[in-house]
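Protein sequence lines, in the order shown, are assigned to chains D and G. Using my numbering, read the first sequence as starting at 21 and increasing by one per residue. Using my numbering, read the second sequence as starting at 21 and increasing by one per residue. Think of the CB as a built atom: it goes at the ideal place given N, C-alpha and C, for glycine as much as any other residue. For reference, the structure is listed below as structure tokens.
Number of protein chains: 2
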Amino acid sequence: MSMIANESVKVVDCTIRDGGLINKWKFSDEMVSAVFSAIAASGADFFEIGYRASEKLFDPKEFGSWRFSRDDVLRKVIAKKPDSIKLGVMVDIGRVETDDFLPKDESVVDFVRVATYLKDVRKAVELANLVKGRGYESFINIMAISTVNSYDLSEGLKEIEAETDATAVSIVDSYGSLYPDDVKHLVDIFCKSLKTKKIGFHGHNNQQLAFANTIEAVQCGATFCDATVNGIGRGAGNCPIELLLAWLKNPRYNIEPVLKAIQDVFVDLREKEIEWGYLIPYMITGMLNEHPRTAIALRSSDKKDHYADFYRQLTTPECFK
Amino acid sequence: MSMIANESVKVVDCTIRDGGLINKWKFSDEMVSAVFSAIAASGADFFEIGYRASEKLFDPKEFGSWRFSRDDVLRKVIAKKPDSIKLGVMVDIGRVETDDFLPKDESVVDFVRVATYLKDVRKAVELANLVKGRGYESFINIMAISTVNSYDLSEGLKEIEAETDATAVSIVDSYGSLYPDDVKHLVDIFCKSLKTKKIGFHGHNNQQLAFANTIEAVQCGATFCDATVNGIGRGAGNCPIELLLAWLKNPRYNIEPVLKAIQDVFVDLREKEIEWGYLIPYMITGMLNEHPRTAIALRSSDKKDHYADFYRQLTTPECFK
Chain D
21 MSMIANESVK VVDCTIRDGG LINKWKFSDE MVSAVFSAIA ASGADFFEIG
71 YRASEKLFDP KEFGSWRFSR DDVLRKVIAK KPDSIKLGVM VDIGRVETDD
121 FLPKDESVVD FVRVATYLKD VRKAVELANL VKGRGYESFI NIMAISTVNS
171 YDLSEGLKEI EAETDATAVS IVDSYGSLYP DDVKHLVDIF CKSLKTKKIG
221 FHGHNNQQLA FANTIEAVQC GATFCDATVN GIGRGAGNCP IELLLAWLKN
271 PRYNIEPVLK AIQDVFVDLR EKEIEWGYLI PYMITGMLNE HPRTAIALRS
321 SDKKDHYADF YRQLTTPECF K
Chain G
21 MSMIANESVK VVDCTIRDGG LINKWKFSDE MVSAVFSAIA ASGADFFEIG
71 YRASEKLFDP KEFGSWRFSR DDVLRKVIAK KPDSIKLGVM VDIGRVETDD
121 FLPKDESVVD FVRVATYLKD VRKAVELANL VKGRGYESFI NIMAISTVNS
171 YDLSEGLKEI EAETDATAVS IVDSYGSLYP DDVKHLVDIF CKSLKTKKIG
221 FHGHNNQQLA FANTIEAVQC GATFCDATVN GIGRGAGNCP IELLLAWLKN
271 PRYNIEPVLK AIQDVFVDLR EKEIEWGYLI PYMITGMLNE HPRTAIALRS
321 SDKKDHYADF YRQLTTPECF K
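Now the structure itself:
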């Protein structure tokens, strides 16, 4: 229905990076290559292919390639990268070392996104500046944003504003607990604190609001939106990129390659290998503003559909248990 | 997160009525009884148990009980109805006869909801007045609202306002094509035209927006919201009642009985019997503002996952086919 065509919005695909949280990034090279080709053909602007992490800190036997996203692997899998899309990796504070980054002119990576909790904003600033110093465009994601107070958030954002030249800073609804009015409140704080950065949004679908909250964020001023193919992602998953591209009505976007990738890759993946999407245990942790770890554990147990007991357990005060 | 507690909002469960569109209302008496008990225990305000239709017009061998919702069946299945919940049926214009309604004091039914297209508003007024004359509370649903123009809608609503004493008139996003800003536009029109009625909203989940659009409708002035257990409903389904009740934060609501019903009834129903929810063919008809019938047909065929072909077919002008 809506005829909005907001061409200032950029779309960041994080299908492999976020989807990999489900299966320790054990996606085949062929699968990742197919997803990249589909996303490049859709016109999406950024492709976050995985985490960059040190092989000294994580065992390559336990984790797939996209936990490390080494340059030599990327060069092999992304045979041809059109200029219309930028390729990047995410880094966690303390899980990557300086020598994990080649100088930009020796790398196929365009951008590096630093994931941080608000309490670690000083470390995030340092890491963003380190990768920027190596020549990469830098972004910052503030995780678990539903757990921080507005004053601390404003202060942290002011530090990012003053101390980095990150291109964008994103709100991450890690617990999938935000309602649209919460998103408005947060985007307003970001707009006030960040005068020289784009504002981004990364939703989770615990309450079927990842896409709706992304719409709300854009309508409040965000211009940098995360999404994944078919909404794949840990737990309830993310904002589906097919919905976001269709809504944006930017003529540069085309959802047909994404639909083809879903039918060719994601239908089987979901039926036979990994689970994501709206399921009651994730809904419960979302509505309670909790990390999904208890719901993930439940889904791996033989009580995976014991929803009422799970709800009662999480809502009973410790002293009554 | 959000602390809103909007106690003026009433919740209408239409699990059996709308879910029955998938399986011709062939739910067992035990299942319907269990769902009613869960919804009554949750504190929801209205329970729409099925359609009321004439057995002269539909073959009882082809359709289950909830296509007809005869009073004798309702009395058997709803053994005990608390005063806190009202029981009702939906009627379609032309599919019900005057003598299908006992006088209210001989019936267990509290309310009758008339489903209509805007073009048939005169007939809807007559039918609403007929059931009102028999003593029932009356509601009106305006279906396929994404296909009507604002002028016609205002005129039709003025007729309902002047000619009926329906308690509520609801916006029905039959195609699941509305975005939140469309909902705002429509609720504004309803608010201007209907001074003596409540305004309602019935969302469909083609674009994962049924719950978000319900939130938007409430924030714009709607106070009468449809929802179903686990979002069951034809095609992509509806607004999940567990999400809506959790959001409303009204202390009279309790989601635990709903979660129990999902684990006891709906997990198996979905895995073994019937399909609903966010699936790409429904997303496609939703974004194109079309009736889901082509998507439903695709899902029943051996091409059920041929999404890209389906999209191309629906978006190619007839003259190029």
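Notebook entry, point to check: Can you find at least 3 beta carbon pairs, one from the segment 290-302 of chain D and one from the segment 74-88 of chain D, that sit closer than 8 Å?
Noted result: no
Notebook entry, point to check: Would THR51/D count as contacting chain G if we go by Cβ distances under 8 Å?
Noted result: As written in the sequence, residue 51/D is Met, which differs from the Thr given in the question. Output row for MET51/D: interface = no.
Check: To which residues does DSSP link ILE191/G through a beta bridge?
Finding: ILE162/G and PHE221/G
Check: Which residues in chain D sit within 9 Å of PRO271/G, going by Cβ to Cβ distance?
Finding: Here the premise fails: no neighbours, minimum Cβ distance about 14 Å.
Next item on the list: Tell me whether the beta-carbon of GLY223/G lies closer than 8 Å to the beta-carbon of ASP202/G.
Entry: no
Check: Can you give the beta carbon distance from TRP86/D to ILE113/D, rounded, assuming they're within the 8 Å contact cut?
Finding: The Cβ separation is near 19 Å, so there is no contact.
Check: TYR199/G by DSSP, collapsed to three states: which one?
Finding: coil
Next item on the list: Compare the beta carbon distance of LYS215/G and ALA188/G with 8 Å and say whether it is the shorter of the two.
Entry: no
Check: Where does LYS139/D sit, in a helix, a strand or coil, going by DSSP?
Finding: helix
Margin query: Using a 10 Å radius around the Cβ and a threshold of 16 neighbouring Cβ atoms, would you call PRO200/D buried or exposed?
Written below: buried
Notebook entry, point to check: Within the chosen definition, does the segment 268-276 of chain D reach the segment 315-328 of chain D through at least 3 CB pairs nearer than 8 Å?
Noted result: no
Next item on the list: Please check the pair ARG90/G and GLY108/G, which I expect to be a contact at CB under 8 Å, by giving their CB distance rounded to whole angstroms.
Entry: Not a contact, Cβ separation roughly 14 Å.
Note to self: Let me confirm a value: ALA99/G is counted as buried when at least 16 other C-beta atoms fall within 10 Å, else exposed. Which label applies?
What the structure shows: exposed
Notebook entry, point to check: Where ALA164/D and ALA237/D are concerned, what is the direct C-alpha to C-alpha distance, given to the nearest angstrom?
Noted result: 16 Å
Check: Roughly how many angstroms lie between the CA atoms of GLN227/G and LEU308/G, to the nearest whole one?
Finding: 11 Å
Notebook entry, point to check: Tell me the DSSP bridge mates of GLY108/D?
Noted result: GLU68/D and PHE131/D
Margin query: Considering Cα atoms alone, identify which of GLU146/G, ASN274/G, ILE105/G and GLU276/G is closest to ILE160/G.
Written below: GLU146/G
Checklist line | Nonlocal neighbours in the same chain, by C-beta distance under 7 Å from SER213/G, ignoring five residues either side | finding: SER174, LEU177, LYS178 and GLU181
Next item on the list: Please confirm if ILE282/G has its CB atom under 8 Å from at least one CB of chain D.
Entry: yes
Check: Distance, Cα to Cα, LEU94/D vs SER53/D?
Finding: 10 Å
Note to self: Short of 9 Å Cβ to Cβ, which residues in the segment 221-239 of chain D face chain G?
What the structure shows: ASN225, GLN227, GLN228, LEU229, ALA230, PHE231, ALA232, ASN233, ILE235, GLU236 and GLN239
Checklist line | Bridge partners - PRO312/D, DSSP secondary structure assignment | finding: DSSP, once it has assigned bridges, lists no residue as partnering PRO312/D.
Item checked: 8 Å Cβ cutoff, TRP267/G in contact with chain D -> yes
Margin query: Starting from ALA247/D, trace the beta strand (DSSP E) in both directions and tell me its first and last residue.
Written below: 244-247
Next item on the list: Anything in the segment 293-324 of chain D with a Cβ closer than 7 Å to a Cβ of chain G? List those residues in chain order, please.
Entry: ILE300, MET303, MET307 and ASN309
Item checked: Where PRO80/D meets chain C, residues with beta-carbon distance less than 9 Å -> The structure shown contains no chain C; its protein chains are D and G.
Margin query: Tell me the rounded alpha-carbon separation between VAL141/D and LEU265/G.
Written below: 36 Å
Checklist line | Buried or exposed (CB count within 10 angstroms, at least 16 for buried), PRO102/G | finding: exposed
Margin query: Between ALA54/D and chain G, is any beta-carbon pair separated by less than 8 Å?
Written below: no
Check: Secondary structure at LYS30/D, three-state DSSP: helix, strand or coil?
Finding: strand
Note to self: Cβ closer than 7 Å: which chain G residues qualify as neighbours of VAL189/D?
What the structure shows: What VAL189/D touches in chain G: nothing, since even the nearest Cβ is about 20 Å away.
Next item on the list: Could you give the DSSP three-state label for ASN233/D: helix, strand or coil?
Entry: helix
Checklist line | Backbone secondary structure at ASN226/G - three-state DSSP | finding: coil
Next item on the list: Go through the segment 240-306 of chain D residue by residue and report every complete run of the beta strand (DSSP E) that reaches 3 residues or more, in order.
Entry: 244-247
Check: Would CYS259/D pass as a contact of ALA230/D if the rule is Cβ separation under 8 Å?
Finding: yes
Notebook entry, point to check: In angstroms, rounded to a whole number, what distance separates the CA positions of PHE121/G and PHE88/G?
Noted result: 11 Å
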